[in-house]
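Chemist:
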């Protein structure tokens, strides 16, 4: 149990005003009874405790019983696959899990054993496979029942899922079932003393990172996007031990009537060079200028969220927290301010060039090379230069 | 058929920074708007309402100011709005938020279909829908982008994954999260605004819930805690290219050649 306690006897009118102003979320208000209140807009940043007038608001923590944490060890990774093709994010997570030092436990759910041979050479120490015809397609209730059975058998301290459509649907469902914490889209993870997972992600919708802990229950659930971590190459011989698990009784669920593979589109996540553009672009037609530039060096076009929201660019070209994570050899960011949601999706790129007319734009803090200029001045000149060689 | 759409009020701007010297969070402006992704869930419901006799309610959790997003939803075509507001809900993480919403839904009525946006623009997680479905004991389908068939018992929907799509048949009651490709949301109607009376919005607090134990809500009911916040690391080792645009371009070209990036 933890809560913010207001020591009303210390609150003067002046202090009340100060606290109201201090709260970045507008969560501190004067209630109808004339007393200071913390409303549901509170995000527990505890700024009022640390920066407010001393002793006015306290953070009170009481120990309450949770799970017996000593029973939970190692890191589980959900292995996502389409047919026999295991998704790269699963291998990235297995390598990350190995770096934590404890046991790495892979959960594999399918209607066939295809894919397991490849998985044996991965960084998993154990593979727990649940194979049944009814598990051919992902539907949440049967899959959640399998994950529940797996957790009860293996008791992992942490459980990582790719932040894919499937991971973002299945992980929270099971986290709620175990009444434990769930942190989506972690950009960094640290394992402390082999059991406490520090989950780091941008928070509060702004240019701030938060270190998040799962307080009292286990497993500690998190999702991570593709390409945030790097997978080690496969082992030369089989590394993992395989456990064929008995599939528990599956709940009735909706039916999948048809599956259609998407026509592969250009995937900016695999691009070696990227020309990215943001709100500095004045009109949709000007995308053509950047396309020409991109074509001149064999780069792919990408963009920030506002351009997708305006309908100027398709969603698959979006970089960032709600788009894709990229790691090209070169990215040139034109007219992009550098909100953390964007930066998170490209900061591991080898060479980052930023072009922005605002010298104060945060993108320059991430860039290796900065040009303070209007993109409309730079783009045509740069294209010419590239073509001339 | 009864439909509930869960919506959220989010900051109109996401420009929050940390003051370098004091470490204090600075949020530019305090204006708020409806989470843009929720508009697609709402439109999804309103299109069903046009085809079937449906009631469409909207629900949100937040301070009293959050009523404005419920009003906006009513002006767009929703019938009734419910605000869950209580200081005991303060500081909720994903699980406490989901639990509060689930309790609020149980206190509000029984619904055949519950709809959520794909994610919010302030939290960006998209986790509340699935957790809420677990607490309500109903099946959920995330990332729905098209309805192929619908009647008063079931729906056939198209579901979006990274490399493929599904056609999935799901029976009510269920919860769906809706992708932005699903539709084009309508604008609020001025006529509806003029016709709307204050009583379409009701406010519920913890006292109205079945589970009144305050330790299950807000900060107490949260399973995650923020250990600390910090500014992202900066790269101070960067080259700024100066001069006229033509000089900057030449310098950049030379640098790119030197690094063999193309």
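Chains as they are written, first to last, in our numbering: chain A, 14 to 402; chain B, 1133 to 1394. In this text, a Cβ means the ideal position worked out from N, Cα and C, and glycines have one as well.
#1: Report the residues of the region 39-65 of chain A with a CB closer than 9 Å to any CB of chain B, ordered along the chain.
#2: List the endpoints of the continuous alpha helix (DSSP H) containing residue 1238 of chain B.
#3: Taking residue 227 of chain A as the query, report the chain B residues whose CB atoms sit under 9 Å from its CB, ordered along the chain.
#4: Cutting at 7 Å between CB atoms, please list the residues of its own chain near residue 282 of chain A, excluding the five before and the five after it.
#5: Going by other Cβ atoms of all chains shown within 10 Å of its Cβ, with 16 needed for buried, is residue 1295 of chain B buried or exposed?
#6: Applying a beta-carbon distance threshold of less than 8 Å, which residues of chain B neighbour residue 286 of chain A?
#7: Taking CB distances under 8 Å as the criterion, tell me whether residue 199 of chain A reaches chain B.
#8: If we cut at 8 Å on Cβ distances, does residue 390 of chain A have a partner in chain B?
#9: Strictly by DSSP, which residues pair up with residue 1354 of chain B?
#10: Could you name the residues of the same chain whose beta carbon sits closer than 8 Å to that of residue 1383 of chain B, not counting the 5 residues immediately before and after it, in chain order?
#11: Please go through the same chain and pick out, in chain order, the residues whose beta-carbon is closer than 7 Å to the beta-carbon of residue 376 of chain A, but skip the five residues on each side of it.
#12: Can you tell me the Cβ-Cβ gap for residue 172 of chain A and residue 89 of chain A, rounded? I've got them flagged as a contact below 8 Å.
#13: Could you list which residues in chain B have their beta carbon closer than 8 Å to that of residue 292 of chain A, in chain order?
#14: Compare the C-alpha of residue 1311 of chain B against each of A:328, A:50, A:389 and name the closest.
#15: At which residues does the alpha helix (DSSP H) containing residue 1170 of chain B begin and terminate?
#16: Cβ atoms of residue 315 of chain A and residue 300 of chain A: under 8 Å apart, would you say?
#17: Give the residues of chain B in contact with residue 103 of chain A, contact being defined as C-beta atoms less than 9 Å apart.
#18: Would you list, in chain order, the members of the region 183-198 of chain A that have their beta-carbon closer than 9 Å to a beta-carbon of chain B?
#19: Residue 1301 of chain B and residue 268 of chain A: beta carbons closer than 8 Å?
#20: Could you tell me how far apart the beta carbons of residue 1338 of chain B and residue 1349 of chain B are, in whole angstroms, since I believe they sit closer than 8 Å?
#21: Under 8 Å between beta-carbons, which chain B residues line up against residue 177 of chain A? List them in chain order, please.
#22: If you measure from the beta carbon of residue 349 of chain A to each beta carbon in chain B, is any gap under 8 Å?
#23: Of the residues that make up the region 374-387 of chain A, which ones have a beta carbon closer than 9 Å to any beta carbon in chain B?
#24: Here's the rule: buried if 16 or more other CB atoms are within 10 angstroms of the residue's CB, otherwise exposed. What is residue 221 of chain A?
#25: Do the region 133-142 of chain A and the region 273-288 of chain A touch if we need at least three Cβ pairs shorter than 8 Å?
#26: Tell me the rounded alpha-carbon separation between residue 199 of chain A and residue 236 of chain A.
#27: Looking only at its own chain, which residues have a Cβ that is under 6 Å from the Cβ of residue 150 of chain A, when we skip the five neighbours before and after it?
#28: Would residue 1178 of chain B count as contacting chain A if we go by Cβ distances under 8 Å?
#29: Could you tell me which residues DSSP pairs with residue 1286 of chain B in its beta bridges?
#30: Output, in sequence order along the chain, the residues in the region 1296-1308 of chain B whose CB is closer than 8 Å to any CB in chain A.
#31: Between the region 244-275 of chain A and chain B, which residues of the former have CB atoms less than 8 Å from a CB of the latter, in chain order?
#32: Would residue 237 of chain A count as contacting chain B if we go by Cβ distances under 8 Å?
#33: Which whole runs of the beta strand (DSSP E) in the region 133-165 of chain A are 3 residues long or more, in chain order?
#34: Quick one: Cα of residue 44 of chain A to Cα of residue 27 of chain A, how far?
#35: Taking buried to mean at least 16 other C-beta atoms within 10 Å of its own C-beta, is residue 21 of chain A buried or exposed?
#36: Could you work out which residues of chain A lie near residue 1351 of chain B, taking near to mean beta carbons separated by less than 8 Å?
Modeler: Considering the structure as presented:
#1: 39, 40, 42, 44, 50, 51, 52, 53, 54, 55, 56, 57, 58, 59, 60, 63, 64
#2: Position 106 of the second chain, counted from the start, is the residue given in the question as residue 1238 of chain B. Residues 1226-1240.
#3: One-based indexing of the first chain puts residue 227 of chain A at position 214. Per Cβ cutoff of 9 Å: 1355, 1356, 1357.
#4: The count along the first chain starts at 1 and reaches residue 282 of chain A at position 269. These residues qualify, in order along the chain: 239, 240, 337, 338, 339.
#5: In the second chain, counting from the first residue as 1, residue 1295 of chain B sits at position 163. Per the 10 Å Cβ criterion, exposed.
#6: The count along the first chain starts at 1 and reaches residue 286 of chain A at position 273. Within 8 Å Cβ-Cβ: 1393, 1394.
#7: In the first chain, residue 199 of chain A corresponds to position 186, counting from 1. Output row for residue 199 of chain A: interface = no.
#8: To locate residue 390 of chain A, count along the first chain from 1; it is residue 377. For residue 390 of chain A, the answer is yes, since a Cβ of chain B falls inside 8 Å of its Cβ.
#9: One-based indexing of the second chain puts residue 1354 of chain B at position 222. Paired residues: none, contrary to the question.
#10: For the purposes of this step, residue 1383 of chain B is taken as the residue at position 251 of the second chain. Only 1373, 1375 meet the Cβ criterion.
#11: Translated into positions along the first chain, residue 376 of chain A becomes position 363. So the list reads 346, 349, 350, 351, 367, 369, once near-sequence residues are dropped.
#12: To locate residue 172 of chain A, count along the first chain from 1; it is residue 159. To locate residue 89 of chain A, count along the first chain from 1; it is residue 76. So it is a contact: roughly 5 Å between Cβ atoms.
#13: Working through the first chain from its first residue, we reach residue 292 of chain A at position 279. By Cβ distance, chain B contributes nothing, its closest Cβ being about 12 Å from residue 292 of chain A, past 8 Å.
#14: Here the question's residue 1311 of chain B lines up with position 179 in the second chain. Closest option to residue 1311 of chain B, Cα to Cα, is A:328.
#15: By 1-based counting over the second chain, the position of residue 1170 of chain B is 38. Where residue 1170 of chain B is concerned, the enclosing alpha helix (DSSP H) stretches over 1168-1183.
#16: Taking the first residue of the first chain as 1, we reach residue 300 of chain A at position 287. Taking the first residue of the first chain as 1, we reach residue 315 of chain A at position 302. No, they are not a contact pair.
#17: Locating residue 103 of chain A in the first chain gives position 90, where the first residue counts as 1. In chain order: nothing, as chain B lies at least about 12 Å away.
#18: 183, 184, 185, 186, 187, 188, 189, 190, 192, 193, 194, 195, 196, 197, 198
#19: Within the second chain, residue 1301 of chain B is the residue found at index 169, counting from 1. Within the first chain, residue 268 of chain A is the residue found at index 255, counting from 1. Contact: yes.
#20: As a first step, residue 1338 of chain B is located in the second chain; it is residue number 206 there, counting from the start. As a first step, residue 1349 of chain B is located in the second chain; it is residue number 217 there, counting from the start. Sure, about 7 Å apart at Cβ, within 8 Å.
#21: In the first chain, residue 177 of chain A corresponds to position 164, counting from 1. The answer, in chain order, is 1293, 1294.
#22: Along the first chain, read from residue 1 onward, the residue named residue 349 of chain A stands at position 336. Chain B contact via Cβ: absent.
#23: 375, 377, 378, 379, 380, 381, 382, 383, 384, 385, 386, 387
#24: Numbered from its first residue, the first chain carries residue 221 of chain A at position 208. Burial call: buried.
#25: no
#26: Within the first chain, numbered from 1, the residue matching residue 199 of chain A stands at position 186. Within the first chain, numbered from 1, the residue matching residue 236 of chain A stands at position 223. Straight-line Cα distance between these residues: approximately 6 Å.
#27: Position 137 of the first chain holds residue 150 of chain A. Apart from the 5 residues on each side of it in sequence, residue 150 of chain A sits with its Cβ closer than 6 Å to the Cβ of 269 in its chain, given in chain order.
#28: Taking the second chain and counting its residues from 1, one reaches residue 1178 of chain B at position 46. Not one chain A Cβ lies under 8 Å of residue 1178 of chain B.
#29: Your numbering for residue 1286 of chain B matches position 154 in the second chain. Looking at the DSSP assignment, residue 1286 of chain B forms a beta bridge with B:1303.
#30: So the list reads 1296, 1297, 1298, 1299, 1300, 1301, 1302, 1303, 1306, given in the order they occur along the chain.
#31: 266, 267, 268, 269, 270, 271, 272, 273, 274, 275
#32: Here residue 237 of chain A is taken as the residue at index 224 of the first chain, counted from 1. Output row for residue 237 of chain A: interface = no.
#33: 139-144
#34: Sequence index remark: in the first chain, residue 44 of chain A carries index 31 (1-based). Sequence index remark: in the first chain, residue 27 of chain A carries index 14 (1-based). So the alpha carbons of these two residues sit roughly 16 Å apart.
#35: To locate residue 21 of chain A, count along the first chain from 1; it is residue 8. With fewer than 16 other Cβ atoms within 10 Å, it is exposed.
#36: Taking the second chain and counting its residues from 1, one reaches residue 1351 of chain B at position 219. Per Cβ cutoff of 8 Å: 15, 16, 17, 55, 57.
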